[in-house]
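Trainee: Here it is, the structure in full.
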Amino acid sequence: MSFSLFKKKKRKKELQDLNGNPLFIGDKVDCLRYEMGESTLVEGENGYEYKSVKTEQRVSFAKMIDAATSFQKVRKLN
């Protein structure tokens, strides 16, 4: 007998910018926190990070999460 009602559903974590656009490694974004400006999404030792083009400062993707929408506080650049 299976109790699928109580099983945890595995959600694939997908990063999205403030407008809901999907983000991938290598994407250029405009970071709206920590005065980082134009940055690149990279994979660091502890997961995804944003690396500032100007200062090379790195910030974890977790610090960029918007609590209201659960999207990232970044805007994807073309």
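Numbered according to the numbering used here, the sequence shown spans residues 46 to 123. Glycine included, each C-beta is placed from N, C-alpha and C at the ideal position.
1) Does the distance from the CB of L122 to the CB of D75 come in under 7 Å?
2) Candidates L60, S84, G71, N64: which alpha carbon is nearest V104's?
3) Determine the direct distance from the alpha carbon of Q102 to that of R120, and round the result to whole angstroms.
4) Tell me the residue span of the beta strand (DSSP E) that contains G89.
5) From S97 to F106, what does the alpha carbon distance come to, in whole angstroms?
6) Could you tell me which of F116, N66, D72, A112 sits nearest to Y95, measuring between CA atoms?
Mentor: Working from what's here:
1) Taking the first residue of the sequence shown as position 1, residue 122 is located at position 77. Taking the first residue of the sequence shown as position 1, residue 75 is located at position 30. In this structure, D75 lies closer than 7 Å to L122 by Cβ.
2) Taking the sequence shown and counting its residues from 1, one reaches residue 104 at position 59. Cα-wise, what sits closest to V104 is S84.
3) In the sequence shown, residue 120 corresponds to position 75, counting from 1. In the sequence shown, residue 102 corresponds to position 57, counting from 1. If I take the Cα positions, the gap works out to 18 Å.
4) Mapped onto the sequence shown, residue 89 falls at position 44. Boundaries of the beta strand (DSSP E) around G89: 82-89.
5) Locating residue 97 in the sequence shown gives position 52, where the first residue counts as 1. Locating residue 106 in the sequence shown gives position 61, where the first residue counts as 1. Whole-angstrom Cα-Cα distance: 13 Å.
6) Stepping through the sequence shown from its first residue, residue 95 is reached at position 50. Nearest C-alpha to Y95: D72.
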